[in-house]
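Here is the structure we will look at, set down as structure tokens.
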Amino acid sequence: MILDLSYKYLIKKILFLFPPEMAHIIVENFLYFAPNFLFKNKFSKSTEITLFEKKIPSPIGIAAGLDKNCKSTNKYLNMGYGFSVVGTVMKNPRKGNPKPRLIRLINEKSLLNSLSFPSDGSKVILKRLKRLKNVKDRIIVSVSGLNEDEIIQNILVFKGHCFGFEINISSPNTKDLRKFINPESVHSIITKARNITDAPVLIKLPRVKNLEIYENILKAISKFNKTGIVIANTKPISDSRLKVGNGGKSGAPLFNETLKILDYLRPKFKDAVIICSGGVSNFKDAKKLLESGANAIQVYSALIYEGPGIAKKINKQLKNSRLLN
Ligand SMILES: Cc1cc2nc3c(=O)[nH]c(=O)nc-3n(C[C@H](O)[C@H](O)[C@H](O)COP(=O)(O)O)c2cc1C
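Residue numbers (my numbering): 180 to 504.
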């Protein structure tokens, strides 16, 4: 075995000495205070995609949950991520579930979490978002709520300050969201959202066994302009290492299922916007999803295991592959 002493390897080793949430706070604060010039990245024309009629410099974006409070957004966008999903944002500040609620499964390159939306609250997050005017066209805000009106209220707060919205009805840590997983509820939420905004609206769906559920929801939303789905959130699990006993699994083990859902849906909905989230760790994974018709890809767990430079690496290989041309 070759001894890897690169500084990136050492940083990862040091961060892994801390509990996962503590490591996250260290990285978040570093990114918050670090000067922008440290993260300069030049995008190539050949990684550009068009999403809801807007040019986005790379199909690789940050998934919801990593930058819940809009503290690192511009740094990620400067590092090579084409877009970033901020949130999930809740109206009022929330502590989330008791700890432990985030666990690394290092051998599987996976995470278990039962966070349940800890949030600084929409007022504070809006203040931070307003400072990012020059990149707002690459920011999607993830909102949720326990009823339709709460979701719509959250959209109203951020209207005009971001490119679009992702409605999270899929967190396995918030049981009340399950009532939205049907075509009628999704139709009703999008109708209400359309009454207040023309911005793109994505619905982030959970992992379900019955693939017809995705099909019926996609049918219900394809009547609206500028809508799409994100497949899919973390996989629901039970695990006694989490204080509340259950949560969601993310990372590499999710990849095959993500691809399977996409392969089922894409031939049926040629023009629908389908964004993939779940298990993408490298260029090979990204290539498979893009070849199967993903409009874009979101990553979270890979940043923990491969480092935040993963977008830059994928972009470089995408550029050489000419896959997007
Ligand atoms: C610690 C953690 C927190 C998350 N929080 C959210 C969230 O607030 N909202 C959401 O829609 N998804 C959330 N997710 C799910 C991710 O956005 C993503 O869909 C999932 O992790 C699968 O992608 P990955 O395999 O690249 O991690 C979270 C995931 C993790 C690991």
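Where is the CB? At the ideal position from N, CA and C, for every residue including glycine.
All values derive from a computational prediction rather than experimental measurement.
- Within the same chain, and ignoring the five residues on either side of K233 in sequence, the residues whose Cβ sits closer than 8 Å to its Cβ are D316, F342.
- With a beta-carbon spacing of about 6 Å, P351 and T413 fall inside the 8 Å limit used to define contacts.
- Taking A242 as reference, the option from N504, N220, E436, Y479 with the minimal CA-CA separation is Y479.
- Closest in alpha carbon position to N499, among F462, G472, R310, is F462.
- Judged by beta-carbon spacing, R280 lies within the 8 Å limit of S293, meaning their Cβ atoms are closer than that value.
- DSSP lists E345 as the bridge partner or partners of S321.
- Residue environment analysis places D246 among the buried positions, since at least 16 neighbouring C-beta atoms fall within 10 angstroms of its C-beta.
- Ligand 1 approaches F296 closely enough that one of its heavy atoms is under 7 Å from the residue's Cβ.
- The closest CA to that of V268, considering only G244, R357, I368, is found on G244.
- When only Cα atoms are considered, P272 and I304 end up about 10 Å apart.
- Ligand 1 has no heavy atom closer than 7 Å to the beta-carbon of L384.
- Per the DSSP secondary-structure output, K224 pairs with nothing in a beta bridge.
- Contact between I410 and L441 holds, since their C-beta atoms are separated by about 7 Å, short of 8 Å.
- Under the 10 Å beta carbon count, N404 is surrounded by fewer than 16 other beta carbons and is classified as exposed.
- Within the DSSP secondary-structure output, Q477 pairs in a beta bridge with G240, S456.
- Take N425, set aside five residues on each side of it, and the residues of its chain with a beta-carbon closer than 6 Å to its own are S417, in chain order.
- Taking all protein chains in view, the Cβ of S419 is surrounded by fewer than 16 other Cβ atoms within 10 Å, so the residue is classified as exposed.
- Setting aside the 5 residues that flank it on each side, K312 has no residue in the same chain whose C-beta is closer than 7 Å to its C-beta.
- Assignment of V423 by DSSP, reduced to helix, strand and coil, places it in the coil class.
- Checking the 7 Å criterion, the Cβ of L497 is out of range of every heavy atom belonging to ligand 1.
- When the five nearest sequence neighbours on each side are left out, the beta carbons in the same chain lying within less than 7 Å of the beta carbon of S289 are those of K428, S429, G430, A431, P432, S480, in order along the chain.
- In the three-state DSSP reduction, K270 falls in the coil class, being neither helix nor strand.
- A residue is called buried once 16 or more other Cβ atoms fall within 10 Å of its Cβ, and R386 is buried on that count.
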